[in-house]
Amino acid sequence: MASPSPGIRFSLIAPSTNNKFSPRLGSLLLLRDRAQNSLQISIPTPGILTTTSRGVIPHLSRDHQNLTSAIKWVHIPFESFLEHNPPVPTIQKGTEKHPMHRFLGFLPSKHVLSMSIRDPDDAREMPTNGNDHVSANCLRGVRKVSPTDWRSYTLACKPDLVVALSDTPYINPPYSQKRLTKSIERSAAWLATLLRPPPDPSDTNPAVLVHMAGLASIPARRAFAESLLEQLHDAEAEAVKPHKCLDAGVTGYTFDLVPIRLALGSNSSPPPTSNSTPSTSNSNQTRDSSIHTLIQTSLYPLPHDKLRLVNSTRSPHEVLDLISTIGIDLFDAGWAQRAAGVGVALDFRFPVRRDPRIGVVDGLGQVNSNPKKLDLGHNLYSLQYAFDFSELGDTFCGSSQAQPHNGKDVCLCGACSPVRPPEMECIVHDTINLATSMTTSSSTPSPSPVQYEPPFTRAYIHHLLHTHEMSAHALLVMHNLTVVEAFFEGIREVLRGSGHAVLPDVGHDSTEGTERKYDWTHEVNLFNAAYDGSLRVVDDAMEMWKDVDLARGKGRLGREKEREKEKQEGDNEDEV
């Protein structure tokens, strides 16, 4: 099938089965200069995209984001720019090839930018949409954005991909059949507006992603998917020429889990914990099954070789579940970024390997020797890390600590593998110094090999968190994104694993260099048995974050002394 956008190509590696919803491998290729093919950005799938706030990755500077190799696809919710009219990103220089990249400080040679009108993870109640507008939220309240406005914003900002407007209600369910009918009709009409050829023949539309409408109604989802494939005639066909149907102009399909959970009435229900009653776990499994059915209903009539993207997953367990049951290609990493915001350093890997903290895992994916599941990370606000001078992860090590056959993967994030600056590096502050340094230099110095510093320790970041230092969250965001990227690298390795991989076996005495064949279902069961998917560590960190964030008027030592005093007084009262 020809790509709807000449600059972006998504291709699938032959899936293991003919099932449309089986796990799959693919690659998204972005060609910056299509004439010369001089610049290509390749994103393997399954993979991740990074979320932003006002176009900025929370806690990261431009240097940080350029340093982190896990940041390739960046998503921009545009509603945060609507407090000004016209929005500031739309008034950049018209001759700029990549105005959105330049405005936000992303590199066209490294980063793929996508743009949607609303934040996919925002569940706040909003005024209803109209026939000719979508309600969006910004600092100055609610703004109305028409399909024509949205088209003009995308043409001015020139993102690589854009999500078409969708009539998704953010009010309390249930929704009437009339409301659902309006939703799918408006969404299809707004998609057609975005697919119109640009006024300037020399300009091109960005690649278009369509949000699959229908909420929690199976008939509505089926009707919307089928409407994308309907043959267009007369004026409708002329408006989106050369596309014969709406789906012909679509690069991929997106699914926002927040409105689906709202429609199912489960938005306020947390994921199941280890202490959940059987009825609670069963109800969560039922809701997950309903989400799977809804997404499959939307995808069933549509081509299987287009990109599938899901927003607002809650844990790596849910990611594995959606890959297993639906074959999703891309996921946002918002949950990992939020974990860094409350002081959690992620520490897990896939596929699971032999680990003394886990115990022996049998062939059914059951932990035999240690029934307690591991947390997905470490709450560095906890006092237990005050004198813990080890690296952030037990399953990872820094580049300066890497040793052959130590059983650990190397984490290349800025926290675990900080790069030592070159000793003879000259910092040039202006063009005069630059010219002087070039004329006085007798020869071009050869690039020195990269040298790594020791990793930042848990105790150090614990101290930074308790003293309100912003660098703590910057280090944690870089680390968490790198861990999640390693998680997806493991997923791709297992999916390729109808072949072989050189990795230690699981649950047995490992022999270095032993080849073993992967089984996807087995590896997912091992992961679910080894790690706690409830993210209780994040909930605990959130409570400690609130205590530290709201503390004012006392230094860290003063707060800790007061807490120790209160704890000692409480222990004395218990003894009495």
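Everything in the sequence shown is counted per my numbering, starting at 623 for the first residue and increasing by one. Cβ atoms here follow ideal geometry from the backbone N, Cα and C, with glycine treated the same way. None of the values given here were measured: they were computed from a predicted structure.
Local conformation of residue i per DSSP, three classes
i       : result
Ser675  : strand
Asp951  : coil
Gln1006 : helix
Cys1038 : coil
Val1073 : For the record, residue 1073 in the displayed sequence is Gln; it is not Val. Looking at Gln1073 - three-state DSSP - the assignment turns out to be strand.
Met834  : coil
Tyr875  : strand
Gly963  : helix
Phe972  : coil
Val1146 : helix
Pro721  : helix
Phe1018 : strand
Asp997  : coil
Asp1031 : strand
Tyr922  : coil
Gly1112 : helix
Pro841  : helix
Lys1139 : strand
Val696  : strand
Phe846  : helix
Val652  : It is Leu, not Val, that sits at residue 652 in the sequence shown. It is a strand residue.
Val932  : strand
Phe632  : strand
Leu884  : helix
Gly956  : helix
Ser664  : strand
Ala829  : strand
Leu1117 : helix
Span separating the alpha-carbon of residue i from that of residue j
i       : j       : result
Leu661  : Asp782  : 14 angstroms
Ser920  : Ser911  : 15 angstroms
Pro973  : His733  : 28 angstroms
Ala958  : His1000 : 12 angstroms
Leu714  : Ala692  : Rather than Leu, the amino acid found at residue 714 in this sequence is Gln. Straight-line Cα distance between these residues: approximately 28 angstroms.
Asp1016 : Phe1078 : 14 angstroms
Arg676  : Met1164 : 23 angstroms
Asn1147 : Leu816  : 43 angstroms
Asn852  : Trp812  : As written in the sequence, residue 852 is Glu, which differs from the Asn given in the question. Straight-line Cα distance between these residues: approximately 16 angstroms.
Asp1141 : Ala847  : 33 angstroms
Ser768  : Leu931  : 24 angstroms
Ala885  : Gln918  : 17 angstroms
Ala1108 : Ala838  : 33 angstroms
Ser888  : Asp825  : Model confidence at Ser888 stands at a pLDDT of 45, short of 50, so the residue's coordinates are unreliable; what they give is reported in the following sentence. For Ser888 and Asp825, the distance between alpha carbons rounds to 44 angstroms.
Leu916  : Ser1021 : 44 angstroms
Cys779  : Ile739  : 13 angstroms
Arg631  : Phe877  : 20 angstroms
Ile806  : Ala814  : 12 angstroms
Asp1031 : Ser1093 : 24 angstroms
Arg971  : Arg960  : 19 angstroms
Ile665  : Arg1114 : 12 angstroms
Asp822  : Pro749  : 35 angstroms
His720  : Asp771  : 20 angstroms
Thr712  : Thr776  : 8 angstroms
Lys766  : Tyr1082 : 46 angstroms
Ile882  : Arg909  : 10 angstroms
Pro820  : His1095 : 42 angstroms
Gln1023 : Ala1037 : 13 angstroms
Lys866  : Thr690  : 41 angstroms
Ile840  : Leu850  : 16 angstroms
CB-CB length for residue i against residue j, believed under 8 angstroms
i       : j       : result
Thr674  : His697  : 6 angstroms
Ile635  : Leu647  : 4 angstroms
Asp786  : His833  : The sequence shown places Ala at residue 786, not Asp. Confirmed, Cβ separation roughly 7 angstroms.
Ser934  : Leu879  : 4 angstroms
Leu996  : Tyr1153 : 5 angstroms
Ser809  : Ala835  : 4 angstroms
Leu1002 : Arg1080 : 6 angstroms
Ile670  : Ala955  : 5 angstroms
beta-carbon residue i near the ligand SAH non-hydrogen atom, thresh 7 angstroms
i      : result
Lys719 : Absence of the ligand SAH is noted for the structure shown, with no ligands found whatsoever.
Pair every Cβ in the region 1159-1175 with every Cβ in the region 1012-1024, then say whether three or more of these pairs are closer than 8 angstroms.
Look at the beta carbons and you see the region 1159-1175 not touching the region 1012-1024: under three pairs across the two are nearer than 8 angstroms.
Does the region 739-750 come close enough to the region 782-801 to have 3 or more Cβ pairs within less than 8 angstroms?
yes
For the pair the region 1073-1088 and the region 936-950, tell me if three or more CB-CB distances fall below 8 angstroms.
no
Are there three or more Cβ pairs, one per stretch, closer than 8 angstroms when the region 1093-1104 is compared with the region 682-690?
yes
Would you check if the region 794-803 and the region 752-764 touch, i.e. whether three or more CB-CB distances between them fall below 8 angstroms?
no
Just to confirm the assignment: which complete alpha helix (DSSP H) runs, minimum length 4, are found wholly within the region 725-808?
769-779
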